[in-house]
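Heads up, the thing below is written out as structure tokens.
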Amino acid sequence: MTSRSSFLIVANRLPVDRTVGPDGTASWRRSPGGLVTAIAPVMQRRKGAWLGWHGAADELLEPFENDGMDLIPVPLTAEEVELYYEGFSNSTLWPLYHDVVAPPVFEREMWESYRTVNERFAQAAAEVAEQGAVVWVQDYQLQLVPAMLRAMRPDLRIGFFLHIPFPPVELFWRLPWRRELVEGLLGADLVGFQLPGGAANFRMLCRRLLGLPYKSNEIFLEDRVVTTQAFPISVDFSELDTLVREPHIMHRAKEIRVELGDPEHMLLGVDRLDYTKGIGRRLEAFGELLRDESLAPGEAVFVQIATPSRERVEEYRRLRDDIELQVGRINGEYSVLGAQPVQYFHQSYDREELAALYLAADIMVVTPLRDGMNLVAKEYVSCHHDLQGALVLSEFAGAASELRSAYLVNPYDVEGLKREMMAAMNASPHELARRMRTMRRRVATYDVDRWASEFLTALES
Ligand code: GDG
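Note that the numbering used here has the sequence shown beginning at 6, numbered continuously upward.
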């Protein structure tokens, strides 16, 4: 591999996971998850390098190649995983940026660790970037990197993209380290957000906190201009569209329905097990539909895939217990012999099985309390070339601003949620096709390629 690159992605994680085969040999496999799903195809085409942590604490690894990408591991100690990753990133920033749907913790040693790790990432990027290279920094774990990197390498073109919402000024203001974070981001030439609202929150914050003037989407610093703009992330529409037309996926989708006992309706939820995703709300609504006898057990099955996530963070452990209690209660009350209304899986699936599940489901239920975008909603739409299937979608997901013909819901309003779920189940094929066609057109034209190329064009211009 080359020692220097003209195009660099800097992200908390490398886009691969290590797997150990039955004979004990380790290999790398592309990991699931929003960010990776979105960027890997772009990386392969541009033959760039990707810098990130490889997932094991206290281990130094040499750069390696996988799946056509040069991968440069950045080490983390076990203590840093606890303080920088589980701590400041996922116990402070994550809840704070998601409208405080869980209480953020503010601890100085977490902040110190965040700064140290960000410095290490910036240093590593500075070492491998060619003169004048384009560096694209990803997400909330690395918000200090742009300014640190600029100080080391003023020749670089630096972009930053935030995958999660950027909160209103009043919420961000609570952060004891608010100034450092904003100054960190302002080290970039281009700061990208999922929605125009996030970009507007950021500009407002720069004015209120640092007194910086702005005009339309440009913030004026003493010696440079920082552009802020929305780039709604998307999925690889054509890859999914092709995949679900494969006979073995279509066959598997039919098989899934049979295995579920041939219910009239199959509802599906696919999420990382995260408190922002509103899993409890949708289960509550489904449970009440059974209680009210709007649905009979056996008539509808709710399949909830809850991929294990951040399992060492206290809030996530509590959430798991709550959800599993709720699932147990609903099934205890409403199961009949041979038919369990909620099928819950705390497991990860491969992409093909996931595609078959999307294809099999006639109602996709996506009810986050707050979500930067939500790729699951767009993946579901990409899989329904049959123009059947309904998407029930939270107004608080970024995706709702594009997928206007979904059954839009406020997940805090359980009655509304029940109403829209029933409307989706009772819709005519004609109505479903009308909605699905509009949504597919949007995702097909604004796919992940377009997202990445619009960002990079804006960054390089
Ligand atoms: C963050 C932001 C933003 C899930 N379970 C499995 C699996 N997945 C895949 C889905 C989808 C991805 O993970 C999840 O993406 P989301 O967008 O829904 O949510 P976050 O993980 O919270 O992502 C979000 C995103 O970043 C991108 O910017 O949209 O708002 O929070 O692609 O398919 N994939 C496989 N097996 C699973 O069990 N293979």
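Each residue gets a CB set at the ideal place from its N, CA and C atoms; glycine is no exception.
Just so we're clear, the structure is a prediction, and the values are computed from it rather than from any experiment.
query	result
Can you tell me where the alpha helix (DSSP H) holding Q331 begins and where it ends?	E319 to Y339
Would the C-beta of G203 count as close to the ligand GDG, meaning under 7 Å from any of its heavy atoms?	no
In terms of residue numbering, what span does the beta strand (DSSP E) encompassing I261 cover?	First-last for I261: P252 to E264, but that is the alpha helix (DSSP H), not the beta strand (DSSP E).
Under three-state DSSP, which class holds W33?	strand
Would you kindly work out how many angstroms separate the C-alpha atoms of S243 and L154, rounded to a whole number?	36 Å
Quick check: is any heavy atom of the ligand GDG less than 7 Å from the C-beta of V318?	no
Pick helix, strand or coil for M467, following the three-state DSSP scheme.	What the structure shows of the chain is the stretch from 6 to 466, and residue 467 is not part of that stretch, so it cannot be assessed.
Going by DSSP, what residue range makes up the beta strand (DSSP E) through M74?	M74 to P78
Should the stretch 203-217 be called in touch with the stretch 244-252, which here means at least 3 C-beta pairs below 8 Å?	no
Could you work out which residue in S410, D75 and T462 is closest to R9 when comparing CA atoms only?	D75
Would you say I284 and Y354 are within 8 Å of each other, going by their C-beta atoms?	no
For G92 versus E112, is the C-beta distance shorter than 8 Å?	yes
Would you mind giving the Cβ-Cβ distance between R375 and H103, rounded to the nearest angstrom? I have them listed as a contact below 8 Å.	4 Å
Could you check what DSSP says for W182 in three-state terms: helix, strand or coil?	coil
Looking at the structure shown, is A16 part of a helix, part of a strand, or coil, going by DSSP?	strand
Could you tell me the alpha carbon to alpha carbon distance between R356 and I328, rounded to whole angstroms?	24 Å
Which residues mark the beginning and the end of the alpha helix (DSSP H) in which I284 is found?	I284 to R296
Exposed or buried, which one is D297 when buried takes at least 16 other CB atoms within 10 Å?	exposed
Just verifying my parser: in three-state terms, what is the DSSP assignment at L191?	coil
Would you kindly report the start and end of the unbroken alpha helix (DSSP H) that includes H435?	P434 to T450
Shortest alpha-carbon distance to L195 belongs to which of L214, L215 and W141?	W141
Would G403 and L200 qualify as a contact pair, given that the criterion is a beta-carbon distance under 8 Å?	yes
Quick one: is D228 buried, meaning 16 or more other Cβ sit within 10 Å of its Cβ, or exposed?	exposed
On a Cα-Cα basis, can you pick out the residue from D241, N17 and I163 that is closest to T232?	I163
Would you say the beta carbon of T312 comes nearer than 7 Å to a heavy atom of the ligand GDG?	yes
Got a sec, what are the start and stop residues for the beta strand (DSSP E) A134 sits in?	A134 to Q143
Run the CB neighbour count on T97, radius 10 Å, all protein chains shown included, and call it buried at 16 or more, exposed below.	buried
Compare the C-alpha of G337 against each of A107, L65, L295 and L167 and name the closest.	L295
Below 7 Å, is the gap between the Cβ of R356 and the nearest heavy atom of the ligand GDG?	yes
Using a 10 Å radius around the Cβ and a threshold of 16 neighbouring Cβ atoms, would you call G192 buried or exposed?	buried
On a CA-only basis, which of P373, L176 and A382 is nearest L359? Give me that one, please.	A382
Please confirm if the stretch 273-280 is in contact with the stretch 440-449, defined as three or more CB-CB distances below 8 Å between the two stretches.	no
Where DSSP assigns a beta bridge to Y412, which residues make up the other side?	V397
When you measure from the CB of H351 to every non-hydrogen atom of the ligand GDG, does any distance come out below 7 Å?	no
May I ask whether a heavy atom of the ligand GDG can be found less than 7 Å away from the beta carbon of L190?	no
Based on the DSSP output, what are the partners of E70 in its beta bridges?	D75
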